[in-house]
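Working notes, structure below.
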Amino acid sequence: MKRRFKASLTVLLAVLFVTGCSSRIGDFTTVSTKNVNMNAEYQKVGSTEGSDGAVLIGQPDLKTAVDNALENAGSDTRYLTNARIIGTSYPFYSKITVEGDAWKPVSGADAEGEVYRLEKTKKGKFLISEDGSEKIEVFESVQAGSEAIDSESR
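Residue numbers -24 to -1, 1 to 130, in mature numbering (1 follows the signal peptide of the UniProt record, and there is no 0), belong to the letters of the sequence shown in order.
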């Protein structure tokens, strides 16, 4: 009887240890932890992902997860569009993952892909392609940590 109880308890603890939950925290049009110059032109780098985790004590940091996603796309990446933020929890571990399309400023040497510029109009803020064929609406700034996403003071 004792042996059966120990085996059942071991199986129950193993199941609890590996059981986790993942949920979408939110979808955002634009996310960044860096200042973004609204007058600059930007080029899409591609999709990227970054995360931050915490074991036992503490909570994962959203700012660190966004910074990791930006860094994974390249050192000069400034912001993400079409960003998804996902939270994952296990009994002893928590993680925040940020996924999105990375954008960097265009320099004269790397203008191979389509170039976009941030533009503020009466109808709102938009990413507009260089040839005007594509227009992506950008909603109001969202903060991650203590820094604002866009800086209109530049």
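Every residue gets a Cβ at the ideal spot worked out from N, C-alpha and C, and that includes glycine.
Note that the structure is a prediction, hence the values are computed from the model and not measured.
Rounded C-alpha distance that separates residue 6 from residue 41: Position 30 of the sequence shown, counting from 1, holds the residue named residue 6. Position 65 of the sequence shown, counting from 1, holds the residue named residue 41. Going from the Cα of residue 6 to the Cα of residue 41 covers about 15 angstroms.
Rounded C-alpha distance that separates residue 52 from residue 81: Mapped onto the sequence shown, residue 52 falls at position 76. Mapped onto the sequence shown, residue 81 falls at position 105. Their Cα atoms are separated by approximately 7 angstroms.
Cα-Cα separation between residue 68 and residue -17, rounded to whole angstroms: Against the sequence shown, residue 68 aligns to sequence position 92. Against the sequence shown, residue -17 aligns to sequence position 8. Taking the straight line from one Cα to the other gives about 21 angstroms.
C-alpha gap between residue 65 and residue 47, whole angstroms: On the sequence shown, residue 65 is found 89 positions in, with the first residue counted as 1. On the sequence shown, residue 47 is found 71 positions in, with the first residue counted as 1. So the two alpha carbons sit approximately 24 angstroms from each other.
Which listed residue (103, 71, 78) has its alpha carbon closest to that of residue -5: Here the question's residue -5 lines up with position 20 in the sequence shown. Minimum Cα distance to residue -5 is reached at 71.
Within the segment 12 to 65, ranges of the alpha helix (DSSP H) (whole runs, at least 4 residues): 38 to 49
DSSP bridge partner residues for residue 75 (one or two, in chain order): In the sequence shown, counting from the first residue as 1, residue 75 sits at position 99. According to DSSP, which records beta bridges pairwise, residue 75 is partnered with 25, 60.
Inter-residue spacing [alpha-carbon to alpha-carbon] between residue 106 and residue 16: Start at 1 with the first residue of the sequence shown, and residue 106 comes out as number 130. Start at 1 with the first residue of the sequence shown, and residue 16 comes out as number 40. Cα to Cα, the separation comes out at about 12 angstroms.
Buried versus exposed, by CB contacts within 10 Å (16 or more), residue 1: Sequence index remark: in the sequence shown, residue 1 carries index 25 (1-based). Exposed.
Residue 83, buried or exposed, once every other Cβ within 10 Å from all chains shown has been counted against 16: Taking the first residue of the sequence shown as position 1, residue 83 is located at position 107. It is exposed - the Cβ of residue 83 has fewer than 16 other Cβ atoms within 10 Å.
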